[in-house]
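S.K.:
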């Protein structure tokens, strides 16, 4: 079962907890909100044969990721992140 | 200059695709099949004698003064190469299975990695190197095709049939889906909640796409798609992305200041009060945008509506065609 639900605040771990290399560096250590809980999404064709658990679309304010000086004030980035990368914020 | 008109970036993008498909998807797969004892180099040597007797399968001699024409010709040949590799490797996968996961293919282990062979010199020199590279890979593909025919895995006539019949997916698939969603609210609701199984009912087989999410533009939110880590895209549904989709000039700034990038590069102005949501395809989920139905199209039928949809609008970076432009072309 999934630990998080839509609207939950979550923080991305800073260190790679092992496994997927696809959590982008720019969200590590940052806090966002769960937008969608997808459950387990498995790619049967490529390497994702190992069990990586549920994945969530997490939404972040661009300002929180890149700072007010650079980022667009009314823009968000949605990133798909596996559960073991996330902690309750 | 918008980067979409940048010749250097365009060449780089074709080069990277050529190396990806010819190097990683063709050459390294052949290497793997040999390493796993499924095929032998001797079979390739034998087959090459036969394959090279018919070198006319591709014309590598695009003659033009214009760089743009040369680039377009290369892009066309690359499309053919990709199609041939996809079909051949699908056939091989069924008969000569080898492990396909990324460690095995050398994606993560530097000692397994195939080095890229870079292009050097002036634009003309690099274009001719790129053309030679494509010829190499096309020839190798011809030989591979001959090997699997010789092995009796597929008959030559059948393979030719498959290559001729295979219509690669194109963004028009997305355009039809969008138009249907604009005119059928039940369909739209199903599409937004479970795109993959809804599209399966429309005969779009997305068996290599683990999950497809369609994101809807509203009065409050404008969606944009990117893949900052590589080039994830709903290939199986929409075909290849526009060439700039994989360029750093798109991927890096779009997540930081999307409004500015949309306005400056794509001439698409999104008012400040509309939230821009950039979806970074970081996992196995692929995205497509369901744009807003343009005003003044109430009387238009589904088929007509689908012609309003542009490739860029499915990524969230471009406008729809004007209704008047489509109406005139009927």
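Protein chains in written order, with this note's numbering: chain A, 19 to 107; chain B, 129 to 458.
Note that the Cβ used here is the ideal one computed from N, Cα and C, for glycine as well.
Predicted model only: the values in this text are computed from it and were never measured.
What did DSSP end up calling residue 142 of chain B once you bin it into helix, strand or coil?
M.R.: DSSP places residue 142 of chain B in helix when its eight states are reduced to three.
S.K.: Go ahead and label residue 421 of chain B buried or exposed: buried means 16 or more other beta carbons lie within 10 angstroms of its beta carbon, across all protein chains shown.
M.R.: buried
S.K.: Can you tell me which of B/215, B/311 and B/269 puts its alpha carbon nearest to the alpha carbon of residue 172 of chain B?
M.R.: Ranked by Cα distance from residue 172 of chain B, the options B/215, B/311 and B/269 are led by B/269.
S.K.: In terms of residues, what are the limits of the beta strand (DSSP E) holding residue 28 of chain A?
M.R.: 27-30
S.K.: Have a look at residue 266 of chain B and residue 179 of chain B and give me their C-alpha separation to the nearest angstrom.
M.R.: As the crow flies, the alpha-carbon of residue 266 of chain B is around 11 Å from that of residue 179 of chain B.
S.K.: Would residue 407 of chain B count as contacting chain A if we go by Cβ distances under 9 Å?
M.R.: yes
S.K.: Quick one: what does DSSP say residue 214 of chain B is sitting in, helix, strand or coil?
M.R.: helix
S.K.: Using a Cβ-Cβ cut-off of 9 Å, state whether residue 97 of chain A counts as contacting chain B.
M.R.: yes
S.K.: Quick one: is residue 376 of chain B buried, meaning 16 or more other Cβ sit within 10 Å of its Cβ, or exposed?
M.R.: exposed
S.K.: Does residue 410 of chain B come within less than 9 Å of chain A when only Cβ atoms are used?
M.R.: Residue-level contact by beta carbon holds for residue 410 of chain B and chain A, with a gap shorter than 9 Å.
S.K.: Does chain A have any CB closer than 9 Å to the CB of residue 357 of chain B?
M.R.: yes
S.K.: Whose C-beta lies closer than 8 Å to the C-beta of residue 62 of chain A among residues of the same chain, with five residues either side of it excluded?
M.R.: Below a pLDDT of 50, predicted positions are generally treated as unreliable, and residue 62 of chain A, at 47, falls in that range; the measurement from the model is reported next regardless. Result list for residue 62 of chain A: empty, nothing under 8 Å.
S.K.: Would you list, in sequence order, the uninterrupted alpha helix (DSSP H) runs of no fewer than 4 residues that lie entirely inside the stretch 305-373 of chain B?
M.R.: 313-321, 323-328 and 363-366
S.K.: Helix or strand or just coil, what does DSSP make of residue 134 of chain B?
M.R.: coil
S.K.: Answer yes or no: does any C-beta atom of chain A fall closer than 9 Å to that of residue 164 of chain B?
M.R.: Not one beta carbon of chain A lies nearer than 9 Å to the beta carbon of residue 164 of chain B.
S.K.: Quick check on DSSP: helix, strand or coil for residue 67 of chain A?
M.R.: Summary for residue 67 of chain A: the model assigns pLDDT 49, below 50, so the residue's position carries little reliability, and this model does not support an answer.
S.K.: For residue 176 of chain B, which residues in the same chain have their Cβ closer than 7 Å to its Cβ, ignoring the five residues on either side in sequence?
M.R.: Within its own chain, the residues whose Cβ lies closer than 7 Å to the Cβ of residue 176 of chain B, once the five positions on either side in sequence are excluded, are 271, listed in chain order.
S.K.: Can you list, in chain order, the residues of its chain whose CB lies under 6 Å from that of residue 20 of chain A, leaving out five sequence neighbours each side?
M.R.: 55 and 72
S.K.: Using the C-alpha atoms, what's the distance from residue 423 of chain B back to residue 222 of chain B?
M.R.: 49 Å
S.K.: May I ask which residues mark the beginning and end of the beta strand (DSSP E) holding residue 55 of chain A?
M.R.: 49-57
S.K.: Can you round the beta-carbon distance between residue 327 of chain B and residue 334 of chain B to whole angstroms, since I take them to be within the 8 Å contact cut?
M.R.: 6 Å
S.K.: Could you check where the beta strand (DSSP E) with residue 73 of chain A kicks off and where it finishes?
M.R.: 73-79
S.K.: Using a Cβ-Cβ cut-off of 9 Å, state whether residue 318 of chain B counts as contacting chain A.
M.R.: So no, residue 318 of chain B is outside the interface.
S.K.: Does any C-beta atom of chain B lie closer than 9 Å to the C-beta of residue 104 of chain A?
M.R.: no
S.K.: Three-state secondary structure (DSSP) at residue 416 of chain B?
M.R.: Strand at residue 416 of chain B.
S.K.: Strictly by DSSP, which residues pair up with residue 93 of chain A?
M.R.: B/404
S.K.: Going by the CB atoms, is the gap between residue 302 of chain B and residue 365 of chain B shorter than 9 Å?
M.R.: Yes, Cβ-Cβ distance for residue 365 of chain B and residue 302 of chain B is below 9 Å.
S.K.: Using the three-state DSSP reduction, which class does residue 104 of chain A fall into: helix, strand or coil?
M.R.: strand
S.K.: Using a 10 Å radius around the Cβ and a threshold of 16 neighbouring Cβ atoms, would you call residue 341 of chain B buried or exposed?
M.R.: buried
S.K.: Find the residues of chain A that neighbour residue 403 of chain B, judging by a C-beta separation of less than 9 Å, and give them in chain order.
M.R.: 92, 93 and 94
S.K.: Please name the residue in B/225, B/306 and B/332 whose C-alpha comes closest to that of residue 281 of chain B.
M.R.: Ranking the options by Cα distance to residue 281 of chain B, first place goes to B/225.
S.K.: Can you check whether the C-beta of residue 77 of chain A is within less than 9 Å of a C-beta belonging to chain B?
M.R.: yes
S.K.: Quick one, are the C-beta atoms of residue 27 of chain A and residue 47 of chain A less than 9 Å apart?
M.R.: no
S.K.: When the cut-off is 9 Å and only beta carbons count, does residue 54 of chain A lie next to chain B?
M.R.: yes
S.K.: So which of A/90, A/81, A/84 and A/80 has the shortest CA-CA distance to residue 388 of chain B?
M.R.: Nearest of A/90, A/81, A/84 and A/80 to residue 388 of chain B, Cα basis: A/90.
S.K.: Assign residue 394 of chain B to buried or exposed, taking buried as 16 or more other Cβ atoms, counted over all protein chains shown, within 10 Å of its Cβ.
M.R.: Label assigned to residue 394 of chain B: buried.
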